[in-house]
């Protein structure tokens, strides 16, 4: 029995983080999130 494989991709910048969760081998995007304005009062987490 094959277990599903997932890959978490994280891209961090100076004031933001972007994340994607992919199902392999199809590369289907399961989840996507961004964190913007890190360190600021108006920081925002968004799930897509």
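Numbering (this note's numbering), first residue to last: 646 to 693. Built from N, CA and C at the ideal position, the CB exists for glycine as well. Owing to the predicted nature of the structure, the values given are computational and were not obtained by experimental measurement.
With DSSP collapsed to three states, give me the class of residue i.
i           : result
residue 683 : coil
residue 693 : coil
residue 663 : strand
residue 671 : coil
residue 647 : coil
residue 676 : strand
Measuring CB to CB, does residue i end up less than 8 Å from residue j?
i           : j           : result
residue 652 : residue 669 : yes
residue 676 : residue 690 : no
Give me, in chain order, the residues of the same chain whose beta-carbon lies closer than 7 Å to that of residue i; leave out the 5 immediate sequence neighbours on both sides.
i           : result
residue 684 : 660
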